[in-house]
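The sequence shown begins at 4 in this note's numbering and counts up one residue at a time. Glycine residues also receive a C-beta, built at the ideal position from the N, C-alpha and C atoms. Structure first, commentary second.
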Amino acid sequence: MEKVKIAILGFGNVGTGVWKILQENKKEIMKRSNCQIEVAKILVNDINKKRDIDISKEILTDNIDDIINDESIKIVVELVGGRDEAKQYMIRAMKAKKHIVTANKLVIANWGEELFKIADEENVLFYYEASVAGGIPIIREINESLTANRIEQIIGIINGTTNYILSKMTLEGLSFEQALKEAQEKGYAEADPTSDVEGYDAVYKLAIMASLSFGTKVDHDRIYREGISKISAVDIEYAKKFGYTIKLLAIAKEENNKLELRVHPTLIPSSHPMANVNDAFNAILIKGNAVGELMLYGQGAGDMPTGSAVVGDIISILRNNVKPSELKALNDDADFKEVKKSEENESEFYIRLNVNDRAGVLGDTAKIFGGNNVSITSITQDVVHKEHVLLAFITHKSAEKNINNSLKKIKELENVNEIESIIRIESFN
Ligand code: NDP
Ligand code: HSE
4 MEKVKIAILG
14 FGNVGTGVWK
24 ILQENKKEIM
34 KRSNCQIEVA
44 KILVNDINKK
54 RDIDISKEIL
64 TDNIDDIIND
74 ESIKIVVELV
84 GGRDEAKQYM
94 IRAMKAKKHI
104 VTANKLVIAN
114 WGEELFKIAD
124 EENVLFYYEA
134 SVAGGIPIIR
144 EINESLTANR
154 IEQIIGIING
164 TTNYILSKMT
174 LEGLSFEQAL
184 KEAQEKGYAE
194 ADPTSDVEGY
204 DAVYKLAIMA
214 SLSFGTKVDH
224 DRIYREGISK
234 ISAVDIEYAK
244 KFGYTIKLLA
254 IAKEENNKLE
264 LRVHPTLIPS
274 SHPMANVNDA
284 FNAILIKGNA
294 VGELMLYGQG
304 AGDMPTGSAV
314 VGDIISILRN
324 NVKPSELKAL
334 NDDADFKEVK
344 KSEENESEFY
354 IRLNVNDRAG
364 VLGDTAKIFG
374 GNNVSITSIT
384 QDVVHKEHVL
394 LAFITHKSAE
404 KNINNSLKKI
414 KELENVNEIE
424 SIIRIESFN
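What follows is the structure, encoded as structure tokens:
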């Protein structure tokens with residue numbers, strides 16, 4: 004049986020997960036890959052750092068050259084995270100004729116095209132299943148199982164950290180800060196959790212999925228983005244009253260050759276299966292014109308689930324797969340598709356105002372909505388202070404432009420103190 008040496012760059016959450024899987028499932032992996040895998044080197048920042056896993060100091064290095072210059076290493080698994088160094092490590096490894104496996108969505112979303120071109124030129128394989136939705140095999144699903152379809156839409160909960168935070172706030176009444184701290188302790192969050200909390204991580208993942216699904220290059224800067232840092236316990240309560248649950252959704256739809264791409268907190272009906280996707284679990288609902296609706300559910304972050312996707316990619320390389328088809332769509336910008344401006348999108352909306360308790364304020368507000376072609380489905384109001392009332396509306400499906408125009412005028416009303424929340428609703432129709 005062939006012996007294959009690999010190197011792991013990074014021995015944090017995911018790196019240790021990969022190590023554990025390679026040890027625990029050694030027999031199965033050997034059978035399935037027909038190879039004996041040896042982890043020859045592991046790159047870390049600090050060789051002397053105390054680690055939970057007992058590992059020989061011989062294997063650890065803080066010098067990438069020890070890996071690049073070692074011709075016996077055939078596969079490099081990039082799990083250091085971040086951008087510039089990770090990208091450079093991968094480029095150097097490919098130029099040294101090493102295959103790549105990575106979980107780095109930031110690098111793929113920004114420089115995928117450049118990296119895949121180098122992989123082609125150097126005739127090496129480049130796999131990145133773990134970059135989207137942790138343990139869920141979504142990249143293979145899109146590129147292999149669903150290739151018979153024209154994909155019409157993807158709606159996903161694709162960030163484990165924010166889903167953990169929102170579920171803990173909703174189900175256990177934890178504060179945002181407490182829940183974030185727990186997500187960090189469990190190893191779900193990025194080194195800089197702003198990427199999770201403000202929706203950047205989900206934007207990178209959506210850009211990758213949309214590129215592959217719609218066969219066009221999707222620039223992540225064109226994706227509308229809002230994070231969850233402004234979601235309050237009050238909104239979670241109001242959402243419940245109206246029969247909804249708040250989730251951070253990533254949405255990609257194609258209609259008439261135009262793409263609608265957005266990541267934002269969303270009210271979804273509490274009866275929908277997505278509303279029950281809790282903790283660090285992810286779920287992705289795909290609609291293909293042949294298969295109809297398909298939903299994938301699984302752990303979207305964490306050492307072992309992410310390690311599962313990474314080791315799956317290593318095995319694919321060892322099975323000597325030909326060039327992975329998944330590279331194609333990200334490389335191909337010939338079939339250009341326009342991305343709609345957010346003003347062109349339509350949604351139902353939840354809007355919450357803080358108003359003075361005066362006769363006529365509800366009427367004035369409703370009149371402005373009506374005058375801008377925004378029709379209201381439900382209203383609720385609560386006195387929060389002897390003077391102040393919280394007024395919450397659910398609208399019918401409306402053009403974002405009409406919502407924005409209404410809110411501009413509502414803001415100017417004498418008895419409106421603040422527009423406290425504007426959250427889109429997804430009804431999955
Ligand atoms: P961690 O921060 O837990 O681990 C990073 C590791 O890389 C550490 O071992 C660190 O060394 C090492 N490292 C960092 N920078 C360098 C550098 N410049 N040179 C050498 N070594 C370096 O990250 P994660 O394991 O959580 O994430 C890794 C990647 O996987 C990221 O791209 C992330 O987005 C992605 N990912 C993470 C998931 C998760 O659940 N955590 C899920 C899916 C993808 P030292 O140990 O010495 O500090
Ligand atoms: N920080 C990411 C998340 C890790 O929480 O989803 C998985 O990509």
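Next item on the list: For Lys135, name the three-state secondary structure that DSSP assigns.
Entry: For the record, residue 135 in the displayed sequence is Val; it is not Lys. Three-state result, Val135: coil.
Next item on the list: Verify the CB distance criterion: does His391 have a CB-CB separation below 8 Å to chain B?
Entry: Considering every chain present, this structure includes no chain B. It has just one protein chain.
Next item on the list: Mind listing, in chain order, the continuous alpha helix (DSSP H) runs of no fewer than 4 residues lying wholly within the stretch 188 to 212?
Entry: Runs of the alpha helix (DSSP H) inside the stretch 188 to 212: 197 to 200.
Notebook entry, point to check: Do the stretch 234 to 241 and the stretch 135 to 147 touch if we need at least three Cβ pairs shorter than 8 Å?
Noted result: no
Check: Can you find a heavy atom of the ligand HSE that lies under 7 Å from the Cβ of Asn126?
Finding: Incorrect: Asn126 has no Cβ contact closer than 7 Å to the ligand HSE.
Item checked: Nearest residue (CA-CA) to Asn420, options Asn432, Ile406, Arg355 and Thr380 -> Selected option, being the one with the closest Cα: Arg355.
Notebook entry, point to check: Taking the alpha-carbon positions, what's the Arg153 to Glu88 distance?
Noted result: 37 Å
Next item on the list: From the DSSP output, in three-state form, read off Lys6 for me.
Entry: Strand.
Next item on the list: Please classify Glu341: is it buried, with 16 or more other beta-carbons within 10 angstroms of its beta-carbon, or exposed?
Entry: Flag for Glu341 reads exposed.
Note to self: Count Cβ pairs between the stretch 273 to 284 and the stretch 196 to 204 that sit closer than 8 Å; are there 3 or more?
What the structure shows: Per the Cβ contact rule, the stretch 273 to 284 is not in contact with the stretch 196 to 204 (fewer than 3 Cβ pairs under 8 Å).
Next item on the list: Indicate the three-state DSSP secondary structure (helix, strand or coil) for Ser401 in the structure shown.
Entry: The answer is strand: DSSP assigns Ser401 an E or B state.
Notebook entry, point to check: Between Asp199 and the ligand HSE, is the CB less than 7 Å from at least one heavy atom?
Noted result: yes
Check: What first and last residue would you give for the beta strand (DSSP E) that runs through Asp385?
Finding: Ile379 to Val386
Checklist line | Glu296 (DSSP reduced to helix, strand or coil) | finding: strand
Notebook entry, point to check: What is the DSSP secondary structure of Asn359, reduced to helix, strand or coil?
Noted result: strand
Next item on the list: Compare the Cα-Cα distances from Ile287 to each of Ile58, Gly138 and Gly190 and report the closest residue.
Entry: For the options Ile58, Gly138 and Gly190, the alpha carbon positioned closest to that of Ile287 is the one of Gly138.
Margin query: From the DSSP secondary-structure annotation, give me the bridge partner or partners of Ile94.
Written below: Ile94 is not bridged to any residue.
Next item on the list: Answer with buried or exposed for Asn407, where buried requires no fewer than 16 other C-beta atoms within 10 angstroms of its C-beta.
Entry: With fewer than 16 Cβ atoms within 10 Å of its Cβ, Asn407 is classed as exposed.
Checklist line | Whole-angstrom distance between Glu263 and Gly366, CA atom to CA atom | finding: 34 Å
Next item on the list: Less than 8 Å between the CB atoms is what I'm expecting for Lys250 and Thr219, so what's the real figure, rounded?
Entry: That pair is no contact at about 27 Å.
Next item on the list: Please go through the same chain and pick out, in chain order, the residues whose beta-carbon is closer than 7 Å to the beta-carbon of Asn48, but skip the five residues on each side of it.
Entry: Asp65
Note to self: Suppose you measure from the CA of Glu116 to the CA of Glu81; what does that come to, to the nearest Å?
What the structure shows: Straight-line Cα distance between these residues: approximately 17 Å.
Margin query: On a Cα-Cα basis, can you pick out the residue from Leu299, Ala10 and Lys343 that is closest to Glu257?
Written below: Lys343
Notebook entry, point to check: What runs of the beta strand (DSSP E), each 3 residues or longer, lie entirely inside the stretch 214 to 268?
Noted result: 247 to 258
Notebook entry, point to check: Whose CA, out of Ile94, Asn28, Lys6 and Leu109, lies closest to the CA of Ile211?
Noted result: Out of Ile94, Asn28, Lys6 and Leu109, Leu109 has the C-alpha closest to the C-alpha of Ile211.
Check: Just checking, does the stretch 110 to 129 make contact with the stretch 298 to 313 on the three C-beta pairs under 8 Å criterion?
Finding: With the cut-off at 8 Å, the stretch 110 to 129 and the stretch 298 to 313 do not touch.
Next item on the list: Determine the DSSP secondary structure at Arg35, reduced to helix, strand or coil.
Entry: helix
Check: Can you tell me whether DSSP reads Ile158 as helix, strand or coil?
Finding: strand
Checklist line | Nearest-angstrom Cβ-Cβ length linking Ala99 and Lys44, presumed shorter than 8 Å | finding: Between the beta-carbon of Ala99 and that of Lys44 there is about 13 Å, and that puts the pair past the 8 Å contact cut.
Next item on the list: Provide the residue span of the beta strand (DSSP E) that contains Ile425, from first to last.
Entry: Val419 to Ile428
Next item on the list: May I ask you to report which of helix, strand or coil DSSP gives Glu329?
Entry: With a pLDDT of only 47 at Glu329, under 50, the local geometry of the prediction cannot be trusted, and the value read off the model is given with reservation. Helix, per DSSP.
Next item on the list: Please confirm whether Ala253 and Lys208 have their CB atoms less than 8 Å apart.
Entry: yes
Check: Could you give the residue range of the beta strand (DSSP E) that holds Gly78?
Finding: For the record, residue 78 in the displayed sequence is Ile; it is not Gly. That run of the beta strand (DSSP E) goes Ile76 to Glu81.
Item checked: Cβ distance (whole Å) where Gly84 is taken to contact Asn285 below 8 Å -> Rounded, the Cβ-Cβ distance is 18 Å, inconsistent with contact.
Margin query: Judging by CA-CA distance, which residue of Asn113, Val135, Ala283 and Ile94 is the nearest neighbour of Glu124?
Written below: Nearest option by C-alpha distance: Ile94.
Checklist line | Limits of the unbroken beta strand (DSSP E) element including Leu288 | finding: Phe284 to Gly291
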